[in-house]
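Participant: Quick note on my numbering: the sequence shown kicks off at 27 and runs consecutively. A virtual CB, placed ideally from N, CA and C, is assigned to each residue, including glycine. Since we're looking at a predicted model, the values are computed, not measured. My structure is below; once you've seen it, I'll send some questions.
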Amino acid sequence: MRIAVVTLFPAMIREALAHGVVGRAVERGVLKVECFDPREHATDMHRTVDDRSYGGGPGMVLKVEPLRSALRDALAALPPGSRRVYLGADGRKFDQGMAREARDGAGLVLVAGRYEGVDERFIESETDEQWSIGDYVLSGGELPALVVIDAIARLIPGTLGSAESAVQESFSDGLVDWPHYTRPPNIFGLTVPKVLMSGDHAAISRWRLQQALGRTWLRRPELLERRGMNDEERALLEEFMIERATGTGRIEDSQR
Ligand code: 4G0
Numbered sequence: 027m028r029i030a031v032v033t034l035f036p037a038m039i040r041e042a043l044a045h046g047v048v049g050r051a052v053e054r055g056v057l058k059v060e061c062f063d064p065r066e067h068a069t070d071m072h073r074t075v076d077d078r079s080y081g082g083g084p085g086m087v088l089k090v091e092p093l094r095s096a097l098r099d100a101l102a103a104l105p106p107g108s109r110r111v112y113l114g115a116d117g118r119k120f121d122q123g124m125a126r127e128a129r130d131g132a133g134l135v136l137v138a139g140r141y142e143g144v145d146e147r148f149i150e151s152e153t154d155e156q157w158s159i160g161d162y163v164l165s166g167g168e169l170p171a172l173v174v175i176d177a178i179a180r181l182i183p184g185t186l187g188s189a190e191s192a193v194q195e196s197f198s199d200g201l202v203d204w205p206h207y208t209r210p211p212n213i214f215g216l217t218v219p220k221v222l223m224s225g226d227h228a229a230i231s232r233w234r235l236q237q238a239l240g241r242t243w244l245r246r247p248e249l250l251e252r253r254g255m256n257d258e259e260r261a262l263l264e265e266f267m268i269e270r271a272t273g274t275g276r277i278e279d280s281q282r
């Protein structure tokens, strides 16, 4: 998978790509990320990339030409048919499904917008889509670009080790995670659910699925709505609900 980032702060992107899971994907060569800096495409003596806003007001606006020229180079480095995505606070909300589609696509150009503004004619005529990583304003699209890259990299075969992949599968199943515990078994009276120390792997799997279902129902009901449940899952969730409402169900009993 190849990703190009059009950004005025390439060092920010490169630095982040040197670490962790994404860093490993780049090292292994399953992911290639290249930065294209509009400033290197400015043609005047002062390497100007922005200018005052028509209509007045504070803040500078990124000019079309340096952006377009950087984007042209970016596209030349990617397979044909690569999507051009502008990262702005007002874009379509990025989710796991979009990460999967991007992973399956030819290539991806991410254009990091900036708070002050990008000339609308560039966004309109040179990009295919606008994405946002959530409803909050940042000072630039670089952090969103890194978020998008991380989410995609995790989905590329060869990025994650087998242990990490196993964890990932439970998440992308559309449920939130179940709770995790490690030693010691008792911290100031806070104990580990007994089933996790039982060695009964079938019971542990059932308990984890039940916790994932219960927590999704409590915290992200819309995810559960979208995903649906089979008969076994419905029964597990019902037991979770009863236990939670009465405190006398079988979940706690099996933990004590
Ligand atoms: C374009 C993305 C770019 C428009 C970028 C801001 C948050 C996100 C920028 C704006 C960003 C996000 C309309 C404020 C640069 N901030 N949530 N900052 N507006 O993905």
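Please classify residue 272: does DSSP put it in a helix, a strand, or coil?
Facilitator: In the structure shown, residue 272 sits in a helix (DSSP, three-state: H, G or I).
Participant: When we look at the beta-carbon of residue 234 and count the other beta-carbons within 10 Å, is it buried (16 or more) or exposed?
Facilitator: So residue 234 counts as buried.
Participant: Out of 238, 90, 85 and 50, state which residue places its alpha-carbon closest to the alpha-carbon of residue 68.
Facilitator: For the residues 238, 90, 85 and 50, the minimum Cα distance to residue 68 belongs to 90.
Participant: List the endpoints of the continuous alpha helix (DSSP H) containing residue 148.
Facilitator: From DSSP, the alpha helix (DSSP H) with residue 148 extends over 146 to 152.
Participant: Please report the distance separating the alpha-carbon of residue 35 from that of residue 254.
Facilitator: Between residue 35 and residue 254, the C-alpha separation is close to 43 Å.
Participant: If we require 4 or more residues per run, which alpha helix (DSSP H) segments fall completely within the segment 161 to 243?
Facilitator: Counting only runs of 4 or more, we get 168 to 179 and 188 to 198.
Participant: When you measure from the CB of residue 116 to every non-hydrogen atom of the ligand 4G0, does any distance come out below 7 Å?
Facilitator: Answer for residue 116: yes, Cβ within range of the ligand 4G0.
Participant: When you compare the segment 106 to 124 with the segment 52 to 61, are there three or more beta-carbon pairs, one atom per stretch, that lie closer than 8 Å?
Facilitator: Short answer: they don't touch.
Participant: For the alpha helix (DSSP H) that contains residue 130, what are its first and last residues?
Facilitator: Taken as a continuous stretch (DSSP letters only), the alpha helix (DSSP H) holding residue 130 covers 122 to 130.
Participant: Using DSSP bridges, identify the partner residues of residue 133.
Facilitator: 28, per the DSSP bridge assignment.
Participant: Taking C-alpha atoms, which residue in 87, 200 and 128 lies nearest to residue 148?
Facilitator: It is 87 whose Cα lies nearest to the Cα of residue 148.
Participant: Around the C-beta of residue 31, are 16 or more other C-beta atoms found within 10 angstroms, so that it is buried, or is it exposed?
Facilitator: Buried, since its Cβ has 16 or more Cβ neighbours within 10 Å.
Participant: Would residue 133 and residue 29 qualify as a contact pair, given that the criterion is a beta-carbon distance under 8 Å?
Facilitator: Yes, they are a contact pair.
Participant: For residue 130, count neighbouring C-beta atoms within 10 Å of its own C-beta (all shown protein chains included) and say buried if the count is 16 or more, exposed if not.
Facilitator: Exposed.
Participant: So, helix, strand or coil for residue 97, using DSSP?
Facilitator: Here residue 97 sits in helix by DSSP.
Participant: Could you name the residues of the same chain whose beta carbon sits closer than 6 Å to that of residue 231, not counting the 5 residues immediately before and after it, in chain order?
Facilitator: No residues qualify anywhere along the chain.
Participant: Just the C-alpha distance for residue 207 and residue 214, rounded to the nearest angstrom, thanks.
Facilitator: Going by the C-alpha atoms only, they are around 14 Å apart.
Participant: Looking at the ligand 4G0, does it come within less than 7 Å of residue 163, judged from the CB to the closest heavy atom?
Facilitator: Checking the Cβ of residue 163 against the ligand 4G0 gives yes.
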